[in-house]
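K.L.:
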Amino acid sequence: MKETMNVPVFTGNGTITFQNRPIPLPQKPEDVLVRLNLSGICGTDLNILAIPPLHNATPNIIIGHEGVGVVEMTGTAVTSLKPGDRVVIAPRLTCGKCRFCRRGLDNQCENYTSVGTSRDGTFSPYICVPASALYQISSSVSQEDAVLFEPLSCVVGSLARSPVFPGENVAVIGSGPIGMLFAMLCRLQGAGKVILVGRSPYRLNIAREVGVTTIINPEECDLSAEVHRLTEIGCDMVIDAVGNQLPVATNLTRRGGRIILFGMRKLDNPAVNQYTITRNDLSIFGTFVGLKPFIPTIKLLESNLIHPSAIITHHVPLANLMDGIALMRNRQAMKVIVDCEA
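Read in order, the letters of the sequence shown are residues 11 to 352 in the numbering used here.
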């Protein structure tokens, strides 16, 4: 194994600089060194690199948090993993001791750190993380499916808050990677009709290719009227995968229906008609990364019932990371995967 690696380092103000750094060998008993194969580019990465930034990250770290790889070396206290094991990464590291962790709300941990935002991430040939951040996954799952474990786990965790019941009509607002994963999983859970709402012709065409049959571009019609035409009374559940669509969602949801808020846009504050929520008896669920969705997501991937890799449109070598960022930023890709070994 080499002693150094050439990696893209986030230096602040939307800038990435490639630097030679030592391969991060285990320093603590619970550490594990993983040789990464693939890493996904996420909307969070785009937000970190935005000017001004829309998501905070610590300067001089390697960003990226979606990864699949193979264990290379373990610390002395690690008994659950061994060299050669294939693993995926759950990037949010919680303390287990704060007021919310002790209530079972680890997704609200007050002292968490996160792979790719506060510590080195997955846009790298190697990563060293605590064993608690790693989940073993069967070699029967393709690399392209496995690398999407983390975003899929967020969707699994979100739908655990408000599951889809067989035959229900669901609208997903947002035709990006997360919106697509919601559409795929809702269909798998038995939704009668899954309506995908989006504005990017390129991404809507990808959605059609992977089997989404009911698609609405709100620039081409009256969105609320079209949803009510398709469903008669509105959708049983509406999912906002964008982060600022609650006013739209309230107009698409039937009386007594449910809304899942998943996307996050910290600076957006859309006006919401509270009367509509109360009068129509709507239930609204804010869902943040999910409560321990990781084992169910591993089992789901290993079941072969879902193939999130269907949304992958591009691969780029690590050296061309910024080309992949540009593809996603300009909506010329659905999901870009970085080949960490390239």
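Cβ coordinates follow ideal geometry from the N, Cα and C atoms, glycine included.
How many Å lie between MET332 and THR86 at the Cα?
P.N.:
By one-based count along the sequence shown, residue 332 stands at place 322. By one-based count along the sequence shown, residue 86 stands at place 76. Whole-angstrom Cα-Cα distance: 37 Å.
K.L.:
Tell me whether the beta-carbon of SER234 lies closer than 8 Å to the beta-carbon of ASN261.
P.N.:
To locate residue 234, count along the sequence shown from 1; it is residue 224. To locate residue 261, count along the sequence shown from 1; it is residue 251. Yes; because the gap between Cβ atoms is below 8 Å, this pair is in contact.
K.L.:
Should VAL346 and ILE51 be called a contact, given that it needs their Cβ atoms to be closer than 8 Å?
P.N.:
Working through the sequence shown from its first residue, we reach residue 346 at position 336. Working through the sequence shown from its first residue, we reach residue 51 at position 41. Going by C-beta atoms, VAL346 is nearer than 8 Å to ILE51.
K.L.:
Rounded to a whole number of angstroms, what is the C-alpha to C-alpha distance between GLY221 and THR263?
P.N.:
If you number the sequence shown from 1, residue 221 lands on position 211. If you number the sequence shown from 1, residue 263 lands on position 253. Straight-line Cα distance between these residues: approximately 23 Å.
K.L.:
Can you tell which of ARG213, VAL207 and ASP278 has the C-alpha that lies nearest to the C-alpha of VAL237?
P.N.:
Position 227 of the sequence shown holds residue 237. Taking only the C-alpha atoms, the option nearest VAL237 is VAL207.
K.L.:
Looking at the structure shown, is LYS309 part of a helix, part of a strand, or coil, going by DSSP?
P.N.:
On the sequence shown, position 299 is the one that residue 309 refers to. In the structure shown, LYS309 falls within a helical segment according to DSSP collapsed to helix, strand and coil.
K.L.:
Identify which residue in VAL180, TYR212 and ALA217 has its Cα closest to the Cα of GLN199.
P.N.:
The residue you call residue 199 lines up with position 189 of the sequence shown. Ranking VAL180, TYR212 and ALA217 by Cα distance to GLN199 puts VAL180 first.
K.L.:
Which complete alpha helix (DSSP H) runs does the stretch 200 to 275 hold, if anything under 4 residues is left out?
P.N.:
With a minimum length of 4 residues, the continuous alpha helix (DSSP H) runs that stay inside the stretch 200 to 275 are 211 to 219, 233 to 241 and 256 to 262.
K.L.:
Should MET194 be labelled buried (16 or more other beta-carbon atoms within 10 Å of its own) or exposed?
P.N.:
Stepping through the sequence shown from its first residue, residue 194 is reached at position 184. Its Cβ being crowded by 16 or more others within 10 Å, MET194 is buried.
K.L.:
In angstroms with no decimal places, state the Cα-to-Cα distance between TYR285 and ILE294.
P.N.:
Within the sequence shown, the letter at position 275 stands for residue 285. Within the sequence shown, the letter at position 284 stands for residue 294. The straight-line gap from Cα to Cα measures roughly 14 Å.
K.L.:
Considering only C-alpha positions, which residue in the set SER128, ARG171 and SER172 is nearest to ASN66?
P.N.:
In the sequence shown, counting from the first residue as 1, residue 66 sits at position 56. When only C-alpha atoms are compared, the closest one is SER128.
K.L.:
Based on Cα-Cα distance, which residue from ILE71, VAL326 and ASN57 lies nearest to LYS276?
P.N.:
As a first step, residue 276 is located in the sequence shown; it is residue number 266 there, counting from the start. For LYS276, the nearest C-alpha among the options comes from ASN57.
K.L.:
Which residue's Cα is closest to the Cα of ARG289: LEU48, ARG265 and GLY79?
P.N.:
Position 279 of the sequence shown, counting from 1, holds the residue named residue 289. It is ARG265 whose Cα lies nearest to the Cα of ARG289.
K.L.:
Excluding five sequence neighbours on each side, which residues of the same chain lie with their C-beta closer than 8 Å to the C-beta of PRO161?
P.N.:
Looking up residue 161 in the sequence shown gives position 151. Closer than 8 Å at the Cβ level, and outside the excluded window around PRO161, lie GLY50, CYS52, GLU76, PRO187, ILE188, LEU191 and PRO318.
K.L.:
Looking at the structure shown, is LEU158 part of a helix, part of a strand, or coil, going by DSSP?
P.N.:
Residue numbering aside, residue 158 sits at position 148 when the sequence shown is read from its first letter. Three-state DSSP puts LEU158 in coil, outside helix and strand.
K.L.:
With respect to the beta strand (DSSP E) encompassing LEU43, which residues constitute its N-terminal and C-terminal limits?
P.N.:
Taking the first residue of the sequence shown as 1, we reach residue 43 at position 33. Here the beta strand (DSSP E) through LEU43 covers 41 to 50.
K.L.:
Where does ARG341 sit, in a helix, a strand or coil, going by DSSP?
P.N.:
Here residue 341 refers to the residue found at position 331 when the sequence shown is read from its first residue. Coil at ARG341, not helix or strand.
K.L.:
My guess is that ASN117 and LEU301 are in contact by the Cβ rule of under 8 Å, so how many angstroms apart are they, rounded?
P.N.:
The residue you call residue 117 lines up with position 107 of the sequence shown. The residue you call residue 301 lines up with position 291 of the sequence shown. 6 Å between Cβ atoms; contact.
K.L.:
GLN146 lies in the beta strand (DSSP E); which residues open and close that run?
P.N.:
Taking the first residue of the sequence shown as position 1, residue 146 is located at position 136. From DSSP, the beta strand (DSSP E) with GLN146 extends over 144 to 146.
K.L.:
Just to confirm, are ILE225 and ILE321 a CB contact at a threshold of 8 Å?
P.N.:
Taking the first residue of the sequence shown as 1, we reach residue 225 at position 215. Taking the first residue of the sequence shown as 1, we reach residue 321 at position 311. Not a contact, by the Cβ cut-off of 8 Å.
K.L.:
Taking 8 Å as the cut-off, does the stretch 105 to 122 touch the stretch 143 to 161 (at least 3 CB pairs, one atom from each stretch)?
P.N.:
No: the two stretches stay apart, fewer than three of their Cβ pairs being nearer than 8 Å.
K.L.:
Just mark PRO62 as buried or exposed, buried being the case when its beta carbon has 16 or more other beta carbons within 10 Å.
P.N.:
As a first step, residue 62 is located in the sequence shown; it is residue number 52 there, counting from the start. Label assigned to PRO62: exposed.
K.L.:
Within 10 angstroms of the Cβ of ILE137, are there 16 or more other Cβ atoms? Answer buried if so, exposed if not.
P.N.:
For this step, residue 137 is matched to residue 127 along the sequence shown. With at least 16 other beta carbons inside 10 angstroms of its own, ILE137 counts as buried.
K.L.:
At the level of alpha carbons, what is the spacing between CYS164 and PRO303?
P.N.:
In the sequence shown, the residue the question calls residue 164 occupies position 154. In the sequence shown, the residue the question calls residue 303 occupies position 293. For CYS164 and PRO303, the distance between alpha carbons rounds to 7 Å.
K.L.:
Assuming LEU214 and SER185 form a contact by the criterion Cβ under 8 Å, report the distance between their Cβ atoms to the nearest whole angstrom.
P.N.:
In the sequence shown, counting from the first residue as 1, residue 214 sits at position 204. In the sequence shown, counting from the first residue as 1, residue 185 sits at position 175. 6 Å between Cβ atoms; contact.
K.L.:
What span of residues does the alpha helix (DSSP H) with ASN57 cover, start to end?
P.N.:
Residue numbering aside, residue 57 sits at position 47 when the sequence shown is read from its first letter. Note, ASN57: alpha helix (DSSP H), 53 to 58.
K.L.:
So, with DSSP's three-state summary, where would you put PRO327?
P.N.:
Residue 327 sits at position 317 when you count from the first residue of the sequence shown. Correct three-state label for PRO327: strand.
K.L.:
In the DSSP assignment, the beta strand (DSSP E) including TYR285 goes from what residue to what residue?
P.N.:
By 1-based counting over the sequence shown, the position of residue 285 is 275. Where TYR285 is concerned, there is no enclosing beta strand (DSSP E), although the alpha helix (DSSP H) it sits in stretches over 284 to 289.
K.L.:
Can you tell me where the beta strand (DSSP E) with ALA9 in it begins and where it stops?
P.N.:
Lying before the first or after the last residue shown, residue 9 is absent from the chain, which here runs from 11 to 352.
K.L.:
Assuming contact is defined by CB atoms lying nearer than 8 Å, are LEU292 and LEU271 in contact in what I supplied?
P.N.:
By one-based count along the sequence shown, residue 292 stands at place 282. By one-based count along the sequence shown, residue 271 stands at place 261. Their beta carbons are not under 8 Å apart, which means LEU292 does not touch LEU271 by this criterion.
K.L.:
How should LEU48 be labelled, buried or exposed, when 16 other C-beta atoms within 10 angstroms of its C-beta is the threshold for buried?
P.N.:
In the sequence shown, the residue the question calls residue 48 occupies position 38. It counts as buried.
K.L.:
Taking C-beta to C-beta, are GLN29 and VAL44 nearer than 8 Å?
P.N.:
Sequence index remark: in the sequence shown, residue 29 carries index 19 (1-based). Sequence index remark: in the sequence shown, residue 44 carries index 34 (1-based). Taking 8 Å as the Cβ cut-off, GLN29 and VAL44 do not qualify as a contacting pair.
K.L.:
Give me the residue from GLY177, VAL42, ILE26 and THR27 with the minimum Cα distance to ILE33.
P.N.:
Working through the sequence shown from its first residue, we reach residue 33 at position 23. Taking only the C-alpha atoms, the option nearest ILE33 is VAL42.
K.L.:
Candidates THR25, GLY79, SER124 and ASP155: which alpha carbon is nearest ILE316's?
P.N.:
Position 306 of the sequence shown, counted from the first residue, corresponds to residue 316. Per the Cα distances, ASP155.
K.L.:
Below 7 Å CB to CB, which residues in the same chain sit around ARG102 once its five sequence neighbours on both sides are set aside?
P.N.:
The residue labelled residue 102 in the question sits at position 92 within the sequence shown. So the qualifying residues of the chain are TYR122, SER124 and VAL299.
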